[in-house]
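Q: Protein sequences appear in the order of chains W and S. By the count of the working numbering, the first sequence reaches residue 311 at its end, each step adding exactly one. By the count of the working numbering, the second sequence reaches residue 961 at its end, each step adding exactly one. Ideal placement from N, C-alpha and C gives every residue a C-beta, glycine not left out. Mind looking over this structure? Questions follow.
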Amino acid sequence: MAVDVLRTGPPGRRARLGLTAALWRRPWLKAVALLTPPLGAFLLVYVGALVVLFVSSLWTVDSFTGKVIHHWTFTNYRQIFSTADPTYLRIAGRTIGIAAAVTVTDALLAFPLAYFMARLAGRRTRALLFVMVLLPLWSSYLVRIYAWRTILAHDGAINWALNGLGLPDQNIAYTNWAMWIVFSYVWLPFMVLPVYAAVERIPDSYLEASADMGARGARTFRSIILPLVLPGLVAGSIFTFSLTLGDFITPLLVGGPSSSFIGNVVYDFIGINANVPFAAAFATVPVLVMGVYLLIARKLGAFEAL
Amino acid sequence: MRFRIRKTHVLVAAFAAALCVPAAGTSSGHGLPTSIGKGEGVLNVIEWAAYTDPGFAKPFERQTGCIIHRKDAGSSNEMVALMRSGGGGGGGQYDLVSASGDASLRLIYGGDVQPINVNLIPSWREFLPNFRSPAHNTVKGVHYGISLQWGPNTLIYNTKLVRPAPTSWGAIYSSKYKGKITVPNNPIQIADAALYLMKTQPALGIKDPYELTKPQLDAATKLLKAQKPLLKRYWNSATDEISDFKNGDVVIGAGWPYQTLQLQAAKAPIKETIPSEGATGWADTWMLAKRAPHPNCAYLWMKYVTTPQVEAKQALVFGETPVNPKACSYMDAAQKGSCAAYHLNQPLSYYNTIHFWKTPVTACGWQAGNSCMDYNAWQKAWTQVTG
Numbered sequence: 006m007a008v009d010v011l012r013t014g015p016p017g018r019r020a021r022l023g024l025t026a027a028l029w030r031r032p033w034l035k036a037v038a039l040l041t042p043p044l045g046a047f048l049l050v051y052v053g054a055l056v057v058l059f060v061s062s063l064w065t066v067d068s069f070t071g072k073v074i075h076h077w078t079f080t081n082y083r084q085i086f087s088t089a090d091p092t093y094l095r096i097a098g099r100t101i102g103i104a105a106a107v108t109v110t111d112a113l114l115a116f117p118l119a120y121f122m123a124r125l126a127g128r129r130t131r132a133l134l135f136v137m138v139l140l141p142l143w144s145s146y147l148v149r150i151y152a153w154r155t156i157l158a159h160d161g162a163i164n165w166a167l168n169g170l171g172l173p174d175q176n177i178a179y180t181n182w183a184m185w186i187v188f189s190y191v192w193l194p195f196m197v198l199p200v201y202a203a204v205e206r207i208p209d210s211y212l213e214a215s216a217d218m219g220a221r222g223a224r225t226f227r228s229i230i231l232p233l234v235l236p237g238l239v240a241g242s243i244f245t246f247s248l249t250l251g252d253f254i255t256p257l258l259v260g261g262p263s264s265s266f267i268g269n270v271v272y273d274f275i276g277i278n279a280n281v282p283f284a285a286a287f288a289t290v291p292v293l294v295m296g297v298y299l300l301i302a303r304k305l306g307a308f309e310a311l
Numbered sequence: 575m576r577f578r579i580r581k582t583h584v585l586v587a588a589f590a591a592a593l594c595v596p597a598a599g600t601s602s603g604h605g606l607p608t609s610i611g612k613g614e615g616v617l618n619v620i621e622w623a624a625y626t627d628p629g630f631a632k633p634f635e636r637q638t639g640c641i642i643h644r645k646d647a648g649s650s651n652e653m654v655a656l657m658r659s660g661g662g663g664g665g666g667q668y669d670l671v672s673a674s675g676d677a678s679l680r681l682i683y684g685g686d687v688q689p690i691n692v693n694l695i696p697s698w699r700e701f702l703p704n705f706r707s708p709a710h711n712t713v714k715g716v717h718y719g720i721s722l723q724w725g726p727n728t729l730i731y732n733t734k735l736v737r738p739a740p741t742s743w744g745a746i747y748s749s750k751y752k753g754k755i756t757v758p759n760n761p762i763q764i765a766d767a768a769l770y771l772m773k774t775q776p777a778l779g780i781k782d783p784y785e786l787t788k789p790q791l792d793a794a795t796k797l798l799k800a801q802k803p804l805l806k807r808y809w810n811s812a813t814d815e816i817s818d819f820k821n822g823d824v825v826i827g828a829g830w831p832y833q834t835l836q837l838q839a840a841k842a843p844i845k846e847t848i849p850s851e852g853a854t855g856w857a858d859t860w861m862l863a864k865r866a867p868h869p870n871c872a873y874l875w876m877k878y879v880t881t882p883q884v885e886a887k888q889a890l891v892f893g894e895t896p897v898n899p900k901a902c903s904y905m906d907a908a909q910k911g912s913c914a915a916y917h918l919n920q921p922l923s924y925y926n927t928i929h930f931w932k933t934p935v936t937a938c939g940w941q942a943g944n945s946c947m948d949y950n951a952w953q954k955a956w957t958q959v960t961g
C-alpha cells in the first residue's frame, strides 16, 4: 500500500514518504541519523575531554618557559602519590572525606523528610514541602554560598542570635565545619528527590504484611523499608558525593586556611606555568574515585532507582 | 520488522561523528613598529577591575575611536591563564594585559607577550628611573610593556582591636592575634616571609626575597607553615579581605592600600603601615599580547594611560601610586595632599625599601649559576603550606 501512495502522491509528500520507506528498509540508516548528533557530542565533548585529560597527565611542563614537554612520564602521578610529601594525598583525603561526610549528613536529613513527604503528608503539605525542598535551586549557587557567609560571619546572624541569648560567639566561619554545613545544604535537594521516589514505591501491602506478622516499627524499618529505600539513598549519594568531590568554589569562599580541595589545586596549577599536565594528573584522582563509587553503587542497585 | 540498534550501527554513527572534528588555525607575530597607525576601533584588555575605569577611559574612546572591551581578572594566575587560553599569546583575542610583577616574567618567558617600542610612548621618558626598565618587564634591554602604577603590600590592622599599633611584620607571625589574621592566597606571599627572615635571621643569607635557594625557600616555607594555624583564612580577592575586616572576622593582615582606602571610606577603624622590615610591592605593566589583533589601539592606550593627568586619575580611583612623577600636581589638584599620601614625592632612596614583585626564576642575580628556586617550586611550596 505504501508503494501505491509513493507513485500517486504530490512530489513533496512523495519525497517524505520515500525517506520514511528508506529508513524503514534500512534500520542502520535510522541509527546513524538518530545517534550521530548525541554520539558526536558524547565522543567529542565527553570522552574526548577525558582522553585528552589522561594523555596530558603523562606529560610535563618546562618550568622556565611554561611550555608542555611531550615526553611520556609518570612524574606527575609519582608526586601526587608520594608519601614523602603527602600534600596531595592530604588534599585528596580531605576532599573525599568531606564528600563522604556531606553524603552521610544529607542521607540522614533526607530520609525522614522524604518519608514524611511520601507516606505521611497530605497532598497540600506534600506540595508545600516539595516547593520548599526545591526553592533553593531557584537561586544561584553562588548567592546561597554568600548567604551562608553572612550567616556564619563574626557579626553574622548566628552570632547575633547567640549574643542575644547571652551565649559566647561561635567561630565556624572559614573552617572545614563551615564547608560541611554549606555543602550539606546546597546538595540536599539532590538527595531528597531520589529517596522520595524510592519511599513512594514501597507497596503498602508490604508494610501491612510485616505488621500482620507481628513486626514492630524498628523491625519493619530494618527488614522492609531500609532495603527498599537503599537504592534511592545510593542514587542520591552519587549526586551529593560527586558534586562535592568536584567543587572548588565553596572551599574558596567559605573554607579556612586548611580547606583546599582537589579542584582548587587543579585551578591553581593551570594558572601557574600553565601546568596543565600536573592539573590533569590530579584531576584523574576524582575520576578514579567516582569510578569505584559507581561500581559499588551499581552493586547496590542505585541505577534502577534513578 | 522490529527496529534494533546494533553495535555496528553505533560504530558507523561514531565514525560519522568523528569526521566532524574541526581543525585549528594558527597565526604569526611581527616586528617592532616605528609609528602608531590608525586605531582599529576595538581594544580588548585583561585588567584588574577598574584599570580602564570609564572615568578616564571614556575620553580615550571618544578621542581614538577605540572601544574598550574588558575582561576583569581576580588574580595574577587568572591573568596568565586568560592570556594562555586559545593557544597562548592572548589567543588572538586580547590586546593588552595589566600584568603585575609576579606574572609579567611568566608571560615574557612563556612567549605570550611581544616587545614594544617605548619611544612611541612619550611619557616613558618622564617615568621615575626605577620604572623605565624594571626587571619585571624588561629582559636584556628589551621592553615587553610599559610600567603603569605600583603600590606597597602593607600591614593592615584594626585600630580598636590591635594595640599598640604594630611596627613589625612579626605581628602576623605571632600568636597574639591568633585566629584573627589574614594573608593573601598567593605563592608570592613566600617573598613576604623571606623579607621578614632576611631581617630577623641574617644567618640564612637572604639577599633578595625573590631569589631564594633551596634552604632559604625551605626556611620561608617553615615560617609560613607555622603561621597557618594562626590564620583565619587566606584571602582570595580584595573584596574578600575588605568584608572580613568589616565583619570583624580578622583584625590584622597583609593587603594593599586599596583595601585600606575602601575600609576607611566605609568608616571602619582601619589603618595601614609599612613595617620596619620594609615591604614587598607590586608594580603593574600594560603588556602587549603576542597575537594582539588591535596593536594600534593598544599603543594608543599605553600612550594615553601614562600621561600625568590620567596617571593621577587612575591612582586616585584605585589607591595606587603613579610611575610618572609629573602626576603629582594633578593628584594634589584633585585631592589635596594625595601626592604625599601615596608617597609619590619620596626621594629615590625610598624605592629601595620596597622589594617589587618579580617572578622567581632559577637564575639568581646575586649568586652565580642557576641555584635559585623557580616559580614552579614556589607554587609547590605554597601548595604544601596551604594544602
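If you run the structure through DSSP and keep just helix, strand and coil, what is S:Cys-902?
A: helix
Q: Is it true that the CB of S:Ala-745 sits closer than 7 Å to the CB of S:Ala-826?
A: This sequence places Ile at residue 826 of chain S; Ala is not what is there. Yes, the Cβ-Cβ distance between S:Ile-826 and S:Ala-745 is below 7 Å.
Q: Between the alpha carbons of S:Lys-954 and S:Cys-871, how many angstroms are there, rounded?
A: 38 Å
Q: What does S:Thr-960 touch in chain W if you count any residue whose Cβ is under 8 Å from its own?
A: Ordered by position in chain W, the residues that pass the 8 Å Cβ test against S:Thr-960 are Pro-262, Ser-263 and Ser-265.
Q: Express the C-alpha separation of S:Asp-646 and S:Glu-621 in angstroms, rounding to a whole number.
A: 5 Å
Q: Relative to the C-alpha of S:Pro-789, which candidate in S:Tyr-808, S:Ala-768 and S:Gly-911 has its C-alpha closest?
A: S:Ala-768
Q: Please identify, using Cβ separations under 9 Å, the residues of the region 818 to 831 of chain S that lie next to chain W, in order along the chain.
A: Asp-818, Lys-820, Asn-821, Gly-822, Asp-823 and Val-824
Q: Applying the criterion that 16 or more other CB atoms from any shown protein chain within 10 Å of the CB defines a buried residue, is W:Leu-142 buried or exposed?
A: exposed
Q: Taking only the alpha-carbon atoms, compute the straight-line gap between S:Ala-597 and S:Phe-630 and give it to the nearest angstrom.
A: Bear in mind that the predicted position of S:Ala-597 carries a pLDDT of just 34, short of 50, making it unreliable; the figure below should be weighed with that in mind. Cα to Cα, the separation comes out at about 41 Å.
Q: With a threshold of 7 Å on Cβ separation, who are the neighbours of W:Gly-261 within its own chain once the five nearest residues in sequence on each side are excluded?
A: Tyr-179, Thr-180 and Asn-181
Q: Return the first residue and the last residue of the alpha helix (DSSP H) that S:Asp-766 is part of.
A: 763 to 774
Q: My guess is that W:Ile-207 and W:Leu-233 are in contact by the Cβ rule of under 8 Å, so how many angstroms apart are they, rounded?
A: 5 Å
Q: Beta-carbon of S:Asn-732 versus every beta-carbon of chain W: anything under 7 Å?
A: No, its Cβ sits nowhere closer than 7 Å to a Cβ of chain W.
Q: Which residues of the region 944 to 956 of chain S have a Cβ closer than 9 Å to any Cβ of chain W? Give them in chain order.
A: Asp-948, Tyr-949, Asn-950, Ala-951, Trp-952, Gln-953, Lys-954 and Trp-956
Q: Show which residues of chain W have a CB atom less than 9 Å away from the CB atom of S:Gly-753.
A: Neighbours of S:Gly-753 across chain W, judged by C-beta separation under 9 Å: Asn-176.
Q: Between S:Ser-697 and S:Glu-785, what straight-line distance do the alpha-carbon atoms span, to the nearest angstrom?
A: 31 Å
Q: Spatial neighbours of S:Ile-951 within its chain, please: CB distance less than 7 Å, with the 5 preceding and 5 following residues excluded, ordered by chain position.
A: This sequence places Ala at residue 951 of chain S; Ile is not what is there. Leu-791.
Q: With a CB to CB cut of under 7 Å and the five nearest residues on each side skipped, what residues in its chain are close to S:Val-713?
A: Ile-682
Q: Going straight from the alpha carbon of W:Leu-157 to that of S:Gly-753, what length do you get?
A: 15 Å
Q: If we count the other Cβ atoms within 10 Å of its Cβ and call it buried at 16 or more, is W:Asn-81 buried or exposed?
A: Burial is judged here by how many other beta carbons sit within 10 angstroms of a residue's own beta carbon; W:Asn-81 has at least 16 and is buried.
Q: Let me see if you follow: with CB-CB separation under 7 Å, is W:Met-6 close to chain S or not?
A: At W:Met-6 the pLDDT is 48, less than 50, meaning the model places this residue with poor confidence and gives no usable figure here.
Q: Tell me where the beta strand (DSSP E) around S:Trp-856 begins and ends.
A: 853 to 862
Q: DSSP three-state label for W:Asn-280, please.
A: coil
Q: Determine which residues share a DSSP beta bridge with S:Trp-1025 and list them.
A: Absent from the structure is residue 1025 of chain S, since the part of chain S shown begins at 575 and ends at 961.
Q: Quick check: the Cα distance between W:Glu-309 and W:Gly-241, rounded to an integer number of angstroms?
A: 12 Å
Q: Please classify S:Tyr-949 as buried or exposed, where buried requires at least 16 other C-beta atoms within 10 Å of its C-beta.
A: buried
Q: Cβ of S:Arg-737 less than 7 Å from any chain W Cβ?
A: No - not a single Cβ of chain W is within 7 Å of the one on S:Arg-737.
Q: What does W:Tyr-82 reach in chain S if we use C-beta pairs closer than 8 Å?
A: Under the 8 Å cutoff, chain S gives no residues; its nearest Cβ is about 15 Å from W:Tyr-82.
Q: Using a Cβ-Cβ cutoff of 9 Å, what residues of the region 75 to 103 of chain W are near chain S? List them in chain order.
A: Gln-84, Asp-90, Thr-92, Tyr-93, Arg-95, Ile-96 and Arg-99
Q: Determine, using beta carbons only, whether W:Leu-275 comes closer than 7 Å to chain S.
A: Reading the sequence as shown, one finds Ile at residue 275 of chain W and not Leu. At least one CB atom of chain S sits nearer than 7 Å to the CB of W:Ile-275.
Q: Buried or exposed: which applies to W:Glu-205, given that a residue is buried once 16 or more other Cβ atoms fall within 10 Å of its Cβ?
A: exposed
Q: Taking 7 Å as the CB-CB cut-off, is W:Ala-158 touching chain S?
A: yes
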